[in-house]
Each structure stands twice: as C-alpha cells, then as structure tokens.
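Residue numbering for the sequence shown follows the working numbering, starting at 13 and increasing by one per position. Virtual Cβ for every residue (Gly too), placed ideally from N, Cα, C.
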Amino acid sequence: MERDEIKVFGPATVSNVGPGFDLLGFALEAPGDEMIIRRNGTDKLVLYNQSGCQLPTDPELNVAAVATASLLRELHSYEGFDLIFTKKIHPGSGVGSSAASCAAAVVGVNELLGSPFETAALIPFAMEGEKVASGSTHADNIAPALLGGVCLIRGYDPLDIKNIPYPGDLWCAVVHPHLEIKTAESRKLIPQTVPLETALKQCGNLAGLVAGLSSGDYPLIGRSVTDLFAEPYRTLELPDFSVLKASALEAGSVGTGLSGSGPSVFSLCRGEEMATSVGEVMKAHFSTRDIKSRIYISRISQAGCKII
Ligand code: HSE
C-alpha cells in the first residue's frame, strides 16, 4: 500500500577523521535528527521546524529542501511534501548536522515514491543540499549518513565510495564545545596548495588509517590520525587544542582530532569505558576554560539513515 507519511532518523557523522579531508567519514549511533516527511497534495515543499534551534524555512535556503528538490527534479516529479524537522544535532556543531537532514529527507522522499533509487544513488542529491551549507559538494558526512559505517570517498568525479571495515570495539567520544565555527567560513582558511612533503605525509596517514581500521591495528590507527591540511588552520580558534589532544591521548584515546570543520572534537577509543573517560577529559578541557560543552559517546554505527 502506498504510504503518505514516513519518519526517518538521520545520524550524526564525524568527517575528515584526521587525514581524510573531504575523503573519510563515519556514522554515529547518536545523536541524530528525526524528520517526518508527508505528501501534502500540492507541488510544493513546505517546511516545519519542531527543533529547539533556528532553521531556514524557505525551501531555497534550507539544505534538506534543496536536496529533496534535486531528487524530485531528477525524477521529473511535481509532488509536494511537508518536511517536519526535529533536529537533535545542533547546526554548526561539526558532526554533520546539514548532512543528517539532507540524507533523512532524500531517504524519506525516495521511500514514499516507491524507492526509485538505491540508497547509494541518493548521495549526489543529498550533496546538493550540503553545498548550500558549506559552499562545497563534499560527501564525507553525506556518504556515512546514508550508508552507515566508515566511508572512504576515493574520488569525486565520478563518485567512488567504499565502506571500510573497522574493529567491532571501536567507539568514539565527541565533545561539542559551545563555540561556533561555520564550515563555509572555515574552508576559506585552508590553503589551496600544499608542499609535496606535506601531501606525502597526509597520503601516508590516510592510507595508514584505512589500513589500520581494516585490520584492527590500533597502534597504526593512532599513528595515522593526524591532519596537516585543515586542522592546523581551523583549530586556531579552539583554545589550547594541542593541550586537549595531548590530554586525550594520555587518557587513552587512540587518535583525536577536529570533527569535520569543528568546533566538535572526536577521539577514537577502544571500548565504551575508554570513550567515556576520554570524553570526560575533553569536556574538562573546555570547562576549565569556561566553555560549556556536550559529550556524545557512541559506537561507529553500521547503519545510516533509518526509517523509524
Ligand atoms: N570535509 C568537510 C570540511 C566536512 O572539512 O570542510 C565539513 O563538515
């Protein structure tokens, strides 16, 4: 029977993961956004915000509506939908808030239209929405938000995305300090060219991270979670970032870095207990500097968006 309404969960994601600038990301089990998508009998997208944060309700400016419109255009569909947002991921927090909404919207609309696309084929539509948020069509939040797990974007033209195996006891602590870093602004801080020596180190680290995740080699993962492209420029506004990193590593983090464009920071950890204590250490770093923050402790999620 044809459904008129659906509710979708879109997970938070950690992108870049150190050396994988625009190329690597993974999904978290929580937090995530919820969205109800409902046929509205018109040819328009109508947005309702039930979240505790401000969102654009103009469909031309709202990332999820832009993603949905791009899907509908491809299908030559003139159906209209209500998109009802209950966001649990704070916009601008660095854990893929826009990607979660874009992914949830395209999954829901695709499902209501009888699943003309497989989930992986929805990535380019969701990326159109991401472009509105960040000024670039990167897929390192969108791909894991849709597919789950750890995703490597090997190439963009054409899109070539591969799920990477990872150890079952890999957990992640994310701390979101209540500071704001806008992805579009922070991308402008990153140099457009890098010396060959830097590129070589970054390639080595990304290859090492993928190999370490695939083989469950924690020391290799730890040696590889280093970003030389973006993090050094983006963390200038995070107080004492190198101290935070050192404290997290001392507390048992396997690797710590900026989550996406920040301000959230992530630590990969072996097991839930370790992730919890590393999360507390990172939170303490911010609270001793009078910055409020929120901790999320999660496994890497096998699942991307889920119909709930
Ligand atoms: N790869 C993107 C960036 C992720 O670093 O700008 C943004 O969430």
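Check: Spatial distance of Val237 from Glu91 (CA atoms); Outcome: 45 Å
Check: Three-state class that DSSP yields for Glu262 in the structure shown; Outcome: helix
Check: Sub-8 Å separation of Ile6 and Ala155 beta-carbons; Outcome: As shown, the chain starts at 13 and ends at 320. That puts residue 6 outside it, with no answer to give.
Check: Closest residue to Ser226 among Ser276, Ile309 and Asn175 (Cα-Cα distance); Outcome: Asn175
Check: The segment 35 to 55 in contact with the segment 291 to 298 per 3-pair CB rule at 8 Å; Outcome: no
Check: Close Cβ partners of Ala315 (< 6 Å) along its chain, the five nearest in sequence each way excluded; Outcome: Gly160
Check: Residues bridged to Val118 [DSSP beta-bridge criterion]; Outcome: Its beta-bridge partners do not exist; DSSP assigns none.
Check: Closest Cα partner of Gly234 within the set Ser105, Ala223 and Ile193; Outcome: Ala223
Check: Cβ neighbour criterion (16 or more within 10 Å) applied to Cys215; Outcome: exposed
Check: Pairwise C-alpha distance: Ile319 and Phe21; Outcome: 6 Å
Check: Given Cys65 as reference, the closest of Pro103, Pro170 and Ala138 once Cα atoms are compared; Outcome: Pro103
Check: Rounded straight-line distance, which links the Cα of Ser273 to that of Arg363; Outcome: Residue 363 lies beyond the range of the chain shown here (13 to 320); nothing can be said about it.
Check: Any non-hydrogen atom of the ligand HSE closer than 7 Å to Phe33 Cβ; Outcome: yes
Check: For Ser236, the first and last residue of its enclosing alpha helix (DSSP H); Outcome: Tyr230 to Ser236
Check: For Gly11, three-class secondary structure by DSSP; Outcome: Past the boundaries of the shown model lies residue 11; the chain is included only from 13 to 320, so the question cannot be answered.
Check: Within 8 Å, strictly: CB atoms of Lys99 and Asp45; Outcome: yes
Check: 8 Å Cβ cutoff met for Cys317 and Ala116; Outcome: yes
Check: C-alpha distance - Pro136 paired with Val121, whole-angstrom precision; Outcome: 15 Å
Check: Whole-angstrom distance between Pro207 and Ile49, CA atom to CA atom; Outcome: 47 Å
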